[in-house]
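Here the structure is laid out as structure tokens; the discussion comes afterwards.
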Amino acid sequence: MTAALAIDGGPPVRATALPYTRPTVDDDDVRAVVDVLRSDWLTTGPTVDKLEAAFAAEVGTAAAVAVSSGTAALHLALAAVGVGPGDEVIVPAITFVATANSAVYLGATPVFADVDPDTLLLDPASARALLSPRTRAVLAVDYGGQPCDQEPLRALAGDGGPRRVADSCHSMGAADRGRPVGSLAELSAFSLHATKPVTSAEGGMVTTDDVGLAHDLRSLRTHGVDHDHRARAAAGTWRYEMTRLGYNYRLSDVHCALVLSQLGKSATWTGRRHEIARRYDRAFAGLPEVRPLAVRDGVRHGYHLYVVRLDLGRLRVGRGQVFRALRAEGIDVNVHFVPVHLHPYYRGRFGTRPGQCPAAEAAYETILSLPVYPRMSDGDADSVVDAVAKVIGAYRA
Ligand SMILES: *Cc1c(COP(=O)(O)O)cnc(C)c1O
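Using the numbering used here, read the sequence shown as starting at 1073 and increasing by one per residue.
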């Protein structure tokens, strides 16, 4: 006789809820931020340069450009490769809305490709079928922290074909065949939001090997002017020229100090995410109703998210009921993401509709993200496993 589910009034697995993610901020991170607050530079000083150099070294690119959010990183990356009105940008259907929105900011149309149901990564065959003379870029997402395979997209691109931009907002610290994320596409956009693998509270980064593109990104992040204030001071002039329409997408030295302090710890934190993921993998190997997403060969996953698909054919209830029951047990599961083409904005503005991306829509009905973050204990992970086993046991068909 198993205990009654908490949702039915039984005792919960956990007395205090376990969040699905939590930022890690150590004492040395706090000190690094306070040091900048006591310095003469609060914004666009030496810490931006230090962070950009350290980030580029970490991912193995010639340049990294710090910006105010992951959304700004996506927006500027697409702007830098010339996305504009009338263009199309291929994006996967399962992602955060910001991926597609970045194309819309530039007057372009996001075209939603279906995903591989085993990984929820953009399906290159679907992308190929959607190519048109107006396709300017393919914006693949490293969903959950797993790098999307850029090789088939490189083949799609060919000469004069679409540019390759990666939404790597989930995947700092991940790698594909030994190459770090950030160096796999022409441009890669990272988020440094508090929920992401390393954080500046709010912030973003674009990495690239193309120093010309990096120059354009630096201009675009500060109003489209050709120099920053330091270059003018060094040249002994007040003059600057605005050569294109840019934005104020700068990241302050205060924010940069936080993420710079975190960078050196990123590999250890990813290692801890792996330990938790292996604990889940082992537990769910014996629970056929719960299927972790597949991991591609040769990939070092970042495990920003640990996503499972429920085998609804083996359950008496839908994903919504499992979600509510797990929340009642004290496990804050989540769902990433509502397929973007199903949002009212996209249906109204671009005429997208259900049925357009069948694999994404079917997978969406089955997915749950389980808690995973570096400061989780083994006991926390085991409580997740216990709660999943309890709920699945109660709802088994
Ligand atoms: C978080 C996220 C973004 C946006 O990043 P912000 O820093 O919040 O602007 C974009 N794409 C994906 C896939 C994300 O998860």
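Every residue, glycine too, gets a C-beta built ideally from N, C-alpha and C.
From a predicted model like this one, the values you see are computed outputs, not experimental measurements.
On a CA-only basis, which of Leu1398, His1415, Arg1419, Arg1381 is nearest Thr1191? Give me that one, please. Mapped onto the sequence shown, residue 1191 falls at position 119. Of Leu1398, His1415, Arg1419, Arg1381, the residue nearest in Cα terms is Arg1381.
If you follow the beta strand (DSSP E) that Thr1207 is part of, which residue opens it and which one closes it? Sequence index remark: in the sequence shown, residue 1207 carries index 135 (1-based). Looking at the DSSP string, the run of the beta strand (DSSP E) that includes Thr1207 is 1207-1213.
With respect to the alpha helix (DSSP H) encompassing Gly1465, which residues constitute its N-terminal and C-terminal limits? Your numbering for residue 1465 matches position 393 in the sequence shown. Where Gly1465 is concerned, the enclosing alpha helix (DSSP H) starts and stops at 1450-1467.
Could you check what DSSP says for Arg1322 in three-state terms: helix, strand or coil? Here the question's residue 1322 lines up with position 250 in the sequence shown. In the structure shown, Arg1322 sits in coil (DSSP, three-state: anything other than H, G, I, E or B).
Report yes or no: do three or more beta-carbon pairs, one from the stretch 1311-1325 and one from the stretch 1158-1168, lie closer than 8 Å? Judged by Cβ distances under 8 Å, the stretch 1311-1325 makes no contact with the stretch 1158-1168, as fewer than three pairs qualify.
With a cut-off of 8 Å, does the C-beta of Ser1204 fall near any C-beta of chain D? No chain D is present in this structure, which holds just one protein chain.
CA nearest to the CA of Arg1110, picked from Val1394, Val1326, Gly1336, Ala1305: By 1-based counting over the sequence shown, the position of residue 1110 is 38. Out of Val1394, Val1326, Gly1336, Ala1305, Val1326 has the C-alpha closest to the C-alpha of Arg1110.
How many Å lie between Val1106 and Gly1275 at the Cα? Position 34 of the sequence shown, counted from the start, is the residue given in the question as residue 1106. Position 203 of the sequence shown, counted from the start, is the residue given in the question as residue 1275. If I take the Cα positions, the gap works out to 18 Å.
Quick one: residues in its chain with C-beta nearer than 8 Å to the C-beta of Arg1386, no 5 flanking neighbours on either side, listed in chain order? Along the sequence shown, read from residue 1 onward, the residue named residue 1386 stands at position 314. Within the same chain, Arg1386 has close Cβ partners Pro1360, Glu1361, Arg1468, Ala1469.
For His1147 and Ala1138, the rounded distance between their alpha carbons: What you label residue 1138 is simply residue 66 of the sequence shown in a count that begins at 1. What you label residue 1147 is simply residue 75 of the sequence shown in a count that begins at 1. Between Ala1138 and His1147, the C-alpha separation is close to 13 Å.
Can you have a look at Tyr1417 and say buried or exposed, based on whether 16 or more other CB atoms are within 10 angstroms of its CB? As a first step, residue 1417 must be located in the sequence shown, where it is residue number 345. Tyr1417 comes out exposed.
Sequence-distant residues of its chain with Cβ nearer than 7 Å to Met1448 (five each side left out): Taking the first residue of the sequence shown as position 1, residue 1448 is located at position 376. Same-chain partners within the cutoff: Ile1348.
Given a cut-off of 8 Å on the beta-carbon distance, is the pair Met1244 and Ala1145 in contact? Residue mapping note: residue 1244 aligns to position 172 of the sequence shown, counting from 1. Residue mapping note: residue 1145 aligns to position 73 of the sequence shown, counting from 1. Result no, Cβ atoms of Met1244 and Ala1145 do not sit closer than 8 Å.
Apart from the five residues on each side of it in sequence, which residues of its chain come closer than 6 Å, Cβ to Cβ, to Ala1459? On the sequence shown, position 387 is the one that residue 1459 refers to. Only Val1085, Leu1398, Glu1401, Ile1403 meet the Cβ criterion.
Beta-carbon contacts of Ala1432 that lie in its chain and below 7 Å, excluding the five residues immediately before and after: For the purposes of this step, residue 1432 is identified with residue 360 of the sequence shown, where counting begins at 1. Taken in chain order, the residues that qualify are Ala1165, Ile1166, Asp1186, Val1187, Pro1411.
Below 8 Å on the Cβ atoms is my guess for Pro1205 versus Gly1179; work out the distance and round it to an integer in Å. Against the sequence shown, residue 1205 aligns to sequence position 133. Against the sequence shown, residue 1179 aligns to sequence position 107. No, Pro1205 and Gly1179 are not in contact; Cβ-Cβ is about 17 Å, not under 8 Å.
Determine contact between the stretch 1423-1438 and the stretch 1320-1335, defined as no fewer than three beta-carbon pairs at a distance below 8 Å. no
Taking only three categories from DSSP, how would you classify Tyr1378? Residue mapping note: residue 1378 aligns to position 306 of the sequence shown, counting from 1. Looking at Tyr1378 - three-state DSSP - the assignment turns out to be strand.
So does Cys1328 have its beta carbon nearer than 7 Å to some heavy atom of ligand 1? Counting from 1 along the sequence shown, the entry for residue 1328 is found at position 256. No, Cβ of Cys1328 sits at least 7 Å from all heavy atoms of ligand 1.
Using three-state DSSP, classify Glu1470 as helix, strand or coil. The requested residue 1470 is not part of the displayed model; the chain covers only 1073 to 1469.
Asp1239 - partner residues in DSSP beta bridges: As a working note, residue 1239 is residue 167 in the sequence shown. By DSSP's assignment, Asp1239 forms a beta bridge with Val1213, Ala1261.
Compute every distance between the C-beta of Val1213 and the non-hydrogen atoms of ligand 1, then say whether any falls below 7 Å. As a position in the sequence shown, residue 1213 is number 141, starting the count at 1. Checking every heavy atom of ligand 1 against the Cβ of Val1213, one is found closer than 7 Å.
Give me the Cα-Cα distance between Tyr1321 and Ser1141, rounded to the nearest whole angstrom. The residue you call residue 1321 lines up with position 249 of the sequence shown. The residue you call residue 1141 lines up with position 69 of the sequence shown. In a straight line, the C-alpha of Tyr1321 is about 8 Å away from that of Ser1141.
Considering only residues of the same chain and omitting the five flanking positions on each side of Met1073, which have a CB-CB separation below 8 Å? Your numbering for residue 1073 matches position 1 in the sequence shown. Below a pLDDT of 50, predicted positions are generally treated as unreliable, and Met1073, at 49, falls in that range; no measurement from the model is reported.
May I ask whether a heavy atom of ligand 1 can be found less than 7 Å away from the beta carbon of Gly1276? Translated into positions along the sequence shown, residue 1276 becomes position 204. Yes, since a heavy atom of ligand 1 falls inside the 7 Å radius drawn around the Cβ of Gly1276.
Sorted by chain position, which residues of the same chain lie with C-beta nearer than 6 Å to Thr1093's C-beta, five sequence neighbours on each side aside? The residue you call residue 1093 lines up with position 21 of the sequence shown. Closer than 6 Å at Cβ, skipping near neighbours: Thr1267, Tyr1445.
Return the Cβ separation of Tyr1378 and Ser1441 in integer angstroms, given the expectation that the two are a contact with Cβ distance under 8 Å. Taking the first residue of the sequence shown as 1, we reach residue 1378 at position 306. Taking the first residue of the sequence shown as 1, we reach residue 1441 at position 369. That belief holds up - the Cβ atoms of Tyr1378 and Ser1441 are roughly 7 Å apart, short of 8 Å.
Gly1402: CB within 7 Å of a non-hydrogen atom of ligand 1: One-based indexing of the sequence shown puts residue 1402 at position 330. Gly1402 Cβ: outside cutoff for every heavy atom of ligand 1.
Please classify His1301 as buried or exposed, where buried requires at least 16 other C-beta atoms within 10 Å of its C-beta. One-based indexing of the sequence shown puts residue 1301 at position 229. His1301 is exposed by the Cβ-count criterion.
Looking at Ala1199 and ligand 1, is the gap between the Cβ and the nearest heavy atom below 7 Å? Sequence index remark: in the sequence shown, residue 1199 carries index 127 (1-based). The nearest non-hydrogen atom of ligand 1 is 7 Å or more from the C-beta of Ala1199.
Of the residues Val1367, Ala1135, Ala1172, Asp1383, which one's Cα is nearest the Cα of Ala1209? As a working mapping, residue 1209 is identified with position 137 in the sequence shown. Of Val1367, Ala1135, Ala1172, Asp1383, the residue nearest in Cα terms is Ala1172.
Nearest-angstrom Cα separation, counted from Val1394 out to Val1407: For the purposes of this step, residue 1407 is taken as residue 335 along the sequence shown, with counting starting at 1. For the purposes of this step, residue 1394 is taken as residue 322 along the sequence shown, with counting starting at 1. Spanning the two alpha carbons is a distance of roughly 12 Å.
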